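Residues 299 to 574 (our numbering) make up the sequence shown, in order.
For reference, the structure is listed below as structure tokens.
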Amino acid sequence: MIYLGCHLTSSKGYENMAKEAISINADTLQFFTRNPRGGKAKAIDPEDVKRYIDLAKENNFGKVVAHAPYTLNPCSKEEKTREFAFMAMSDDLERMEYIPGNYYNFHPGSHVGQGVEKGIEMIAEMLNKILKPEQTTTVLLETMAGKGSEVGSTFEELRAIIDRVELKDKIGVCLDTCHVHDAGYDIVNDLDGVIDEFDRIIGLKYLKALHINDSKNPCEAHKDRHACIGEGYIGKEAMARILSHPKLAGLPCVLETPQESLAGYGEEIKMIREMI
Ligand code: FE
Ligand code: FE
Ligand code: ZN
Numbered sequence: 299m300i301y302l303g304c305h306l307t308s309s310k311g312y313e314n315m316a317k318e319a320i321s322i323n324a325d326t327l328q329f330f331t332r333n334p335r336g337g338k339a340k341a342i343d344p345e346d347v348k349r350y351i352d353l354a355k356e357n358n359f360g361k362v363v364a365h366a367p368y369t370l371n372p373c374s375k376e377e378k379t380r381e382f383a384f385m386a387m388s389d390d391l392e393r394m395e396y397i398p399g400n401y402y403n404f405h406p407g408s409h410v411g412q413g414v415e416k417g418i419e420m421i422a423e424m425l426n427k428i429l430k431p432e433q434t435t436t437v438l439l440e441t442m443a444g445k446g447s448e449v450g451s452t453f454e455e456l457r458a459i460i461d462r463v464e465l466k467d468k469i470g471v472c473l474d475t476c477h478v479h480d481a482g483y484d485i486v487n488d489l490d491g492v493i494d495e496f497d498r499i500i501g502l503k504y505l506k507a508l509h510i511n512d513s514k515n516p517c518e519a520h521k522d523r524h525a526c527i528g529e530g531y532i533g534k535e536a537m538a539r540i541l542s543h544p545k546l547a548g549l550p551c552v553l554e555t556p557q558e559s560l561a562g563y564g565e566e567i568k569m570i571r572e573m574i
């Protein structure tokens, strides 16, 4: 059993987000904490959040995933950019406490030529400054496709970040199926092998969520172009095997496919529920 949902917008409030999820038969969701290209976050309305929490409880939602802005880069060369990363994540994690016990996912960063080692150091350094023993949110490192100088496209790099994080119970991994496939992990022909490798190198206890996307490119393309389920190189059968794999049971699975409407996501969720 998995929790299934899609990326929704939080711009009309939390309650609205829960209603949208319920309307398409989703039991988890993902949202951006602020404009994905950066900028300020909207103030939280405690009444709105309370209504959201009630709806989520009544409808047996699994854990939900907040997604950090794409511009958040802890291993940028520019101090200004690193400061934004620190400020945005600190602020986001404070706001996440309105919906306690959920996940906050971010792209580990791009080292922009400074080298992957240096990138890993800088990412861990920022996490060690931000993570607090009393926070209830688990921060997730997203597996990356490996385009440009992205850090986190191999399980070893993610492990190296986790190794350096002091508060290990506050950190986890969100596996994006499009990204790992683009990074060269063959989840189509060797799903068990990839899951075993994840377990050996990172540890399955760190795997907290999935982004379920098909890929417009073949394995190892390092491109990161999402396709709708069944319309890319991963395909329906492989996706069904992923979503019914016993070692991935209970995880929130979030669609980030190029759907144009809520109804489109509704159709996709319906199709997935039928195929698993
Ligand atoms: Fe992402
Ligand atoms: Fe993703
Ligand atoms: Zn992506």
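Glycine included, C-beta positions come from ideal geometry on N, C-alpha and C.
None of these values were measured; they are calculated from a predicted model.
Two segments are said to touch when three or more pairs of C-beta atoms, one from each, lie closer than 8 Å; by this definition the stretch 321-341 touches the stretch 305-313. For VAL362, there is no enclosing alpha helix (DSSP H), as DSSP marks it with neither H nor E. Taking each of GLN557, LYS568, SER559 and HIS520 in turn and checking the Cα distance to ALA538, the smallest one comes out for LYS568.
Here GLU454 really is in contact with ILE499; their C-beta atoms are around 6 Å apart, less than 8 Å.
Apart from the 5 residues on each side of it in sequence, LYS468 sits with its Cβ closer than 7 Å to the Cβ of LEU429, GLN433, THR436 and VAL437 in its chain, given in chain order. Restricted to the stretch 457-532, the beta strand (DSSP E) segments that are unbroken, complete and at least 3 residues in length are 469-474 and 505-510, listed in chain order. Contact between TYR402 and ALA341 is ruled out by a C-beta separation of about 18 Å, above the 8 Å threshold. ILE459 and ILE418 do touch by the CB rule: their CB atoms are close to 5 Å apart, below 8 Å. When the five nearest sequence neighbours on each side are left out, the beta carbons in the same chain lying within less than 6 Å of the beta carbon of TYR301 are those of ASP325, THR326, GLY360 and PRO550, in order along the chain. The DSSP assignment places complete alpha helix (DSSP H) segments of no fewer than 4 residues inside the stretch 301-327 at 312-321, in order along the chain. At a threshold of 7 Å, ASP474 counts as near ligand 2, since its beta carbon sits closer than that to one of the ligand's heavy atoms. Out of MET394, LYS355 and THR379, the CA that lies nearest to the CA of PRO344 is found in MET394. In this structure, the C-beta of GLU448 stays at least 7 Å away from each heavy atom of ligand 1. Between TYR368 and LYS427, the alpha-carbon positions lie close to 20 Å from each other. Distances taken from the Cβ of HIS409 to the heavy atoms of ligand 2 include none shorter than 7 Å.
The C-beta distance from LYS375 to VAL410 rounds to 5 Å, short enough to fall under 8 Å. The C-beta separation of ILE421 from GLY407 comes to about 5 Å, placing the pair in contact by the 8 Å criterion. Burial check for LYS310: the Cβ neighbour count within 10 Å stays below 16, so the residue is exposed. Within the model, the alpha-carbon separation for MET442 versus LYS534 is close to 22 Å.
By the Cβ neighbour-count rule, ASP474 is buried, with 16 or more other Cβ atoms within 10 Å of its own. The straight-line gap separating the alpha-carbon atoms of ILE510 and GLU554 is approximately 7 Å.
The beta carbons of LYS545 and ILE493 sit about 5 Å from each other, so the pair counts as a contact at 8 Å.
Sequence-distant Cβ neighbours of PHE382 in its own chain, meaning closer than 6 Å and more than five residues away, do not exist here. Ranked by how close their Cα comes to the Cα of ALA386, the residues MET424, GLU558, CYS472 and SER321 have MET424 in first place.
ASP480 is a Cβ neighbour of HIS520, given a cutoff of 8 Å. Under the criterion of beta carbons closer than 8 Å, SER513 and CYS476 qualify as touching, at roughly 4 Å. For ASN403, there is no enclosing alpha helix (DSSP H); the enclosing beta strand (DSSP E) covers residues 401-404.
If the five residues before and after VAL414 are omitted, its C-beta is found closer than 7 Å to the C-beta atoms of VAL449 and GLU455, all from its own chain and listed in chain order. Taking all protein chains shown into account, ARG571 has fewer than 16 neighbouring C-beta atoms within 10 Å of its C-beta and is therefore exposed.
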